[in-house]
Amino acid sequence: MTLSGRDAYRDELTRLAEADRRILCLEADLGGKNHPFQLKHPERFFNLGIAEAAMVDMAAGLASAGFKPFVSTFAPFAALRAAESLKLTLGYLAAGVTVVAPYSGVSGAWFGTTHHCLEDLAVLRAFPGVVIAAPHGEAETRAVIAAAVASGRPHYVRTGRNAAYESLPWGDPVAWEAAGGELCLVSVGEEGTRLCLEARHRRPGLAHAHLPYVDHEHLAAAAVELERLHARFVVVEEHRAQGGVAEALALLMPTARVAGVNAGTGWPSEGGDHAEVMAALGLDLRAVLAAVDG
């Protein structure tokens, strides 16, 4: 059975911790009773409760002592509530802490509007030196977590809620599904990639590139590869236009035409079904196809 991104993270970290006793898992009351890391490595699992900033600060201290702490909480509480702690820990100190943030975008729609997070990439991309990943599918999530363990660099990893997807063939900085032609779809994250795959099903000739990493360093490398093959791009991301990947790529590729399909500037007024909330923000298949034809 294919695992969701957040479950793939937990399973992969539990597996990697078998061989590396420096790996620690910190959670902000998300783990439940059957968290695989807690069951397998109880002495290295810490539930800090709803104290997100304190959890990140604690991880900074653990990293300075030689451990490899992974911390996890809802994306809005990781990227926004604990933003100052992230700035100091991941940015200023460049501590080897990995923050895994599920329920990104509006994937936590059932919990209401307080749990929406459409600004996290803008916040984290403003902190130099942080590796930012938005993996799609189980295999890609596992690869990102394994790379974070091996590198020791500060990471922010964005996932959804329960949706489970098969990953595209791994590629860094670009995972190509298909290339060729003037126009290329560029997808970010789980739902952006889902929409691009649906668009290619409707228009089989479209090129599609998926970006596993979206920090400046990786985007600069991806831009060189993208611009070598295409001149026009439609970037699909479950994020606001401001501070998003389309905006970043437009600056990195000034001679290319870059359009974005995203959550726009509106504020979701209701929770509910994930796809319905995305559509209410103008982020659906119809919007992607309209941008392709535009």
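In terms of our numbering, the sequence shown opens at residue 2 and continues consecutively. C-beta atoms are modelled at their ideal positions from N, C-alpha and C, and glycine is treated no differently. Predicted model only: the values in this text are computed from it and were never measured.
request  = Starting from residue 219, follow the alpha helix (DSSP H) in both directions and report where the run begins and ends.
outcome  = Start at 1 with the first residue of the sequence shown, and residue 219 comes out as number 218. Counting along the chain, the alpha helix (DSSP H) containing residue 219 begins and ends at 217-230.
message = Counting C-beta neighbours from all protein chains within 10 Å, is the total for residue 125 16 or more, i.e. buried, or is it exposed?
response = Taking the sequence shown and counting its residues from 1, one reaches residue 125 at position 124. Around the beta carbon of residue 125, a 10 Å sphere encloses 16 or more other beta carbons of the protein chains shown; the residue is thus reported as buried.
ask   = Do you know offhand how far residue 269's Cα is from residue 236's?
value = Here residue 269 is taken as the residue at index 268 of the sequence shown, counted from 1. Here residue 236 is taken as the residue at index 235 of the sequence shown, counted from 1. Looking at the two C-alpha atoms, the distance is approximately 21 Å.
request  = Take the Cβ of residue 225 as the centre, count every other Cβ of all protein chains shown within 10 Å, and call the residue buried at 16 or more, exposed below.
outcome  = Indexing the sequence shown from 1 puts residue 225 at position 224. Its Cβ having fewer than 16 others within 10 Å, residue 225 is exposed.
request  = Using three-state DSSP, classify residue 65 as helix, strand or coil.
outcome  = What you label residue 65 is simply residue 64 of the sequence shown in a count that begins at 1. In the structure shown, residue 65 sits in a helix (DSSP, three-state: H, G or I).
task = State the start and end residues of the unbroken alpha helix (DSSP H) segment that holds residue 278.
result = Indexing the sequence shown from 1 puts residue 278 at position 277. Here the alpha helix (DSSP H) through residue 278 covers 275-281.
task = Enumerate in chain order the residues of its own chain whose CB-to-CB distance from residue 70 is below 7 Å, with the five nearest sequence positions on each side excluded.
result = By 1-based counting over the sequence shown, the position of residue 70 is 69. Here the set comprises 25, 27, 60, 63, 64 and 98.
key: Spatial neighbours of residue 249 in its chain, beta-carbon cut-off 6 Å, leaving aside the 5 residues before and after   = What you label residue 249 is simply residue 248 of the sequence shown in a count that begins at 1. Result list for residue 249: 220, in chain order.
inquiry  = Tell me which residue opens and which closes the alpha helix (DSSP H) that residue 186 is part of.
reply    = Translated into positions along the sequence shown, residue 186 becomes position 185. Premise fails: residue 186 lies in the beta strand (DSSP E), 184-188, not in any alpha helix (DSSP H).
ask   = Are residue 244 and residue 155 close, meaning C-beta to C-beta below 9 Å?
value = On the sequence shown, residue 244 is found 243 positions in, with the first residue counted as 1. On the sequence shown, residue 155 is found 154 positions in, with the first residue counted as 1. Cβ atoms of residue 244 and residue 155: not closer than 9 Å.
ask   = What are the boundary residues of the beta strand (DSSP E) that includes residue 261?
value = Within the sequence shown, numbered from 1, the residue matching residue 261 stands at position 260. Where residue 261 is concerned, the enclosing beta strand (DSSP E) stretches over 258-262.
inquiry  = Bridge partners for residue 24 per DSSP, in chain order?
reply    = Residue 24 sits at position 23 when you count from the first residue of the sequence shown. 69.
query = In three-state terms, what does DSSP make of residue 92?
reply = The count along the sequence shown starts at 1 and reaches residue 92 at position 91. Three-state result, residue 92: helix.
Close Cβ partners of residue 278 (< 6 Å) along its chain, the five nearest in sequence each way excluded = Here residue 278 refers to the residue found at position 277 when the sequence shown is read from its first residue. Closer than 6 Å at the Cβ level, and outside the excluded window around residue 278, lie 107, 110 and 269.
Classification of residue 50 by the beta-carbon crowding that lies within 10 angstroms, buried from 16 upward = What you label residue 50 is simply residue 49 of the sequence shown in a count that begins at 1. Exposed is the call here.
key: residue 58 to residue 135 span [Cα, whole Å]   = Taking the first residue of the sequence shown as position 1, residue 58 is located at position 57. Taking the first residue of the sequence shown as position 1, residue 135 is located at position 134. Answer to the nearest angstrom: the Cα atoms are 23 Å apart.
query = So the beta strand (DSSP E) residue 235 belongs to, where does it begin and stop?
reply = Counting from one through the sequence shown, the residue named residue 235 turns up at place 234. Residues 233-237.
key: Nearest to residue 130 (by Cα), restricted to the options 144, 119 and 152   = Taking the sequence shown and counting its residues from 1, one reaches residue 130 at position 129. When only C-alpha atoms are compared, the closest one is 152.
inquiry  = Would the stretch 180-191 count as touching the stretch 34-46 if we require 3 or more Cβ pairs under 8 Å?
reply    = Pairwise C-beta distances place the stretch 180-191 out of contact with the stretch 34-46, as fewer than three of them are shorter than 8 Å.
request  = Compare the C-alpha of residue 281 against each of 294, 265, 100 and 292 and name the closest.
outcome  = Counted from its first residue, the sequence shown places residue 281 at position 280. Of the candidates 294, 265, 100 and 292, the one whose C-alpha sits nearest the C-alpha of residue 281 is 265.
key: Pairwise C-alpha distance: residue 121 and residue 80   = In the sequence shown, residue 80 corresponds to position 79, counting from 1. In the sequence shown, residue 121 corresponds to position 120, counting from 1. Approximately 5 Å between the Cα atoms of the pair.
inquiry  = So, with DSSP's three-state summary, where would you put residue 214?
reply    = What you label residue 214 is simply residue 213 of the sequence shown in a count that begins at 1. Note: residue 214 maps to strand in three-state DSSP.
query = Looking at the structure shown, is residue 1 part of a helix, part of a strand, or coil, going by DSSP?
reply = In the structure as shown, the chain begins at 2 and stops at 295. Residue 1 is therefore absent and cannot be evaluated.
request  = Can you tell me which of the three DSSP states residue 51 falls into?
outcome  = As a working mapping, residue 51 is identified with position 50 in the sequence shown. The answer is coil: DSSP assigns residue 51 none of H, G, I, E or B.
ask   = Taking residue 141 as the reference, which of 42, 206, 214 and 74 has the closest Cα?
value = Within the sequence shown, residue 141 is the residue found at index 140, counting from 1. It is 214 whose Cα lies nearest to the Cα of residue 141.
message = residue 13 and residue 146 - do their beta-carbons sit closer together than 9 Å?
response = Indexing the sequence shown from 1 puts residue 146 at position 145. Indexing the sequence shown from 1 puts residue 13 at position 12. Contact: yes.
request  = Mark residue 194 as exposed unless 16 or more other C-beta atoms lie within 10 angstroms of its C-beta, in which case mark it buried.
outcome  = Taking the first residue of the sequence shown as position 1, residue 194 is located at position 193. Buried, by the Cβ-count rule.
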